[in-house]
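Okay, so here's the structure we're looking at.
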Amino acid sequence: MDPIAKSLKERSLSAKIETRGRLITQLCTLVIILLVLAIFGFVATKGVAIFIQDHGSLVDFFTKTSWSPEQTDIHHRPLIGALPMIFGSFAVTLLAVLLATPFALAAAIFMSEISPRRGNKILQPVIELLVGIPSVVYGFIGLAVIVPAVQKVLGGSGFGILAGTLVLLVMILPTITSMAVDALKAVPRYYREASLALGATRWQTIYRVVLRAAAPGLMTAIIFGMSRAFGEALAVQMVIGNATLMPSNLASPATTLTSVLTMNMGNTVMGTTANNALWSLALLLLLMSLVFNIVIKYLAKRGELH
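Residue numbers (the working numbering): -10 to 295.
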């Protein structure tokens, strides 16, 4: 065969393969987008039923503390006060992230800036082990260790916001740490060299140069940590007490959106008021997770400007 014709044939074949690969990629992307939209639409349709079909009050949903969808008030509206669950979800998530982030950043700085060899040799296996532990094991450890400790120190039953926070702290710590390490390692080496050449100390370089440059990646790490903490159900359910009451302190029993969903969804009939009320909690959980992502991404973009 003529070499020129052979080259043209190979180029034509490569172009067909590239076009086919591009179409497959676009099709997969479209399927993912449609899947996400379908999930969101399904949950939204089910979630608003309590307000449209059962005439529940949206104001009561966010402000009242009585959760008993099978019963009605004097206006014949179901009692769907979800404030205790909303408060519990926010409380354990924010407290766990606030406590875990300093430890995660310290471990990440040690592994990437201070002693990479020792960090990868000692801390990396520990982080991988923590990631692989099932949620139920964390829950059992919380029941056996954290709950009795809280009971001994603060009194009460030991179940509550504090116990749930401590369990979530350990669960999200490896997630934030591993992603923070990747973010710090992604900072170009010449940033550090330029800072040191200008006379900055090692810690000044880490604080003023490396952490600022890695801010978007660190924010992303916190996003994933918050997402896991916010959506965690089993481990928190085992130690928080599962009381649909507004907690008076960190040691009093409380509940979260995920706890109520996992405990009650299997005990209701599809289409009933109680089931529709649970779908409203699922919709709220989805929307709150979306809001967290939007806010953190906005903060990450602002970090890029500095």
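The beta carbon of each residue, even a glycine, is placed where N, CA and C say it ideally should be.
Taking the DSSP output, what are the residues bridged to residue 67?
Residue 67 pairs with 61.
For residue 179, count neighbouring Cβ atoms within 10 angstroms of its own Cβ and tell me buried if that reaches 16, exposed if not.
In this structure residue 179 is exposed. Its beta-carbon is surrounded by fewer than 16 other beta-carbon atoms within 10 angstroms.
Identify which residue in 70, 7, 198 has its Cα closest to the Cα of residue 52.
Looking at the Cα atoms, 70 is the closest of the given residues.
Could you compute how far the alpha carbon of residue 132 sits from the alpha carbon of residue 122?
The straight-line gap from Cα to Cα measures roughly 16 Å.
For residue 202, which residues does DSSP report across the bridge?
According to DSSP, which records beta bridges pairwise, residue 202 is partnered with nothing at all.
So what's residue 147 in DSSP terms, helix, strand or just coil?
Residue state, collapsed to three classes: coil.
Whether or not the region 84 to 101 and the region 147 to 164 are in contact is what I'm after, with contact meaning three or more pairs of Cβ atoms, one per stretch, closer than 8 Å; do they touch?
Counting Cβ pairs under 8 Å, three or more are found: they touch.
State yes or no: is the C-beta of residue 245 within less than 8 Å of the C-beta of residue 136?
No; because the gap between Cβ atoms is not below 8 Å, this pair is not in contact.
Below 6 Å CB to CB, which residues in the same chain sit around residue 294 once its five sequence neighbours on both sides are set aside?
For residue 294, the pLDDT reaches just 43, beneath the cut-off of 50, and the residue's location in the model is therefore unreliable, although a value from the coordinates is still provided. Hits under 6 Å: none found.
Quick test of the definition: if touching needs 3 or more C-beta pairs under 8 Å, does the region 201 to 220 touch the region 110 to 120?
By the C-beta criterion, the region 201 to 220 is judged not to be in contact with the region 110 to 120, since fewer than 3 inter-stretch pairs fall below 8 Å.
Identify which residue in 192, 234, 247 has its Cα closest to the Cα of residue 216.
Taking the Cα of residue 216 as reference, the smallest distance to any Cα among 192, 234, 247 is reached at 247.
Classify residue 243 as helix, strand or coil using the three-state DSSP reduction.
The answer is strand: DSSP assigns residue 243 an E or B state.
Could you have a look at residue 214 and say whether DSSP puts it in helix, strand or coil?
Residue 214: helix per DSSP, three-state reduction.
In three-state terms, what does DSSP make of residue 230?
Note: residue 230 maps to strand in three-state DSSP.
Can you give me the start and stop residues for the alpha helix (DSSP H) that residue 187 sits inside?
From DSSP, residue 187 is part of no alpha helix (DSSP H); its letter is neither H nor E.
Residue 272 and residue 77 closer than 8 Å at C-beta:
Cβ distance not < 8 Å, so residue 272 and residue 77 don't count as in contact.
Residue of 62, 266, 126, 134 minimising C-alpha distance to residue 41
Of the candidates 62, 266, 126, 134, the one whose C-alpha sits nearest the C-alpha of residue 41 is 266.
Is there contact between the region 223 to 242 and the region 21 to 30, where contact requires at least three CB pairs shorter than 8 Å?
No, because fewer than three Cβ pairs between the region 223 to 242 and the region 21 to 30 fall closer than 8 Å, the two stretches do not touch.
Let's see if you can read the secondary structure: which residues bound the alpha helix (DSSP H) around residue 127?
Start and end: 124 to 130.
Below 8 Å between beta carbons: does that hold for residue 230 and residue 149?
Contact: yes.
How would you label residue 4, buried or exposed, when you count the other beta carbons within 10 angstroms and need 16 or more for buried?
Classification of residue 4: exposed, given that the 10 Å Cβ count is below 16.
C-alpha gap between residue 296 and residue 183, whole angstroms
Summary: the structure shown does not reach residue 296, with the chain confined to residues -10 through 295, and so no result is reported for it.
For residue 117 versus residue 199, is the C-beta distance shorter than 8 Å?
In terms of Cβ geometry, residue 117 and residue 199 do not form a close pair [threshold 8 Å].
Take residue 120 and list the residues in its own chain whose beta-carbon comes closer than 8 Å to its own, dropping the five residues that flank it on each side.
Excluding residues within five positions, the ones whose Cβ falls inside 8 Å are 163, 164, 167.
Give me, in chain order, the residues of the same chain whose beta-carbon lies closer than 7 Å to that of residue 194; leave out the 5 immediate sequence neighbours on both sides.
Once the five neighbours on either side are set aside, the close Cβ partners of residue 194 are 181, 184, 185.
Is the distance from the Cβ of residue 218 to the Cβ of residue 232 below 8 Å?
Not closer than 8 Å, so no.
For the alpha helix (DSSP H) that contains residue 119, what are its first and last residues?
Residue 119 -> alpha helix (DSSP H) spans 113 to 121.
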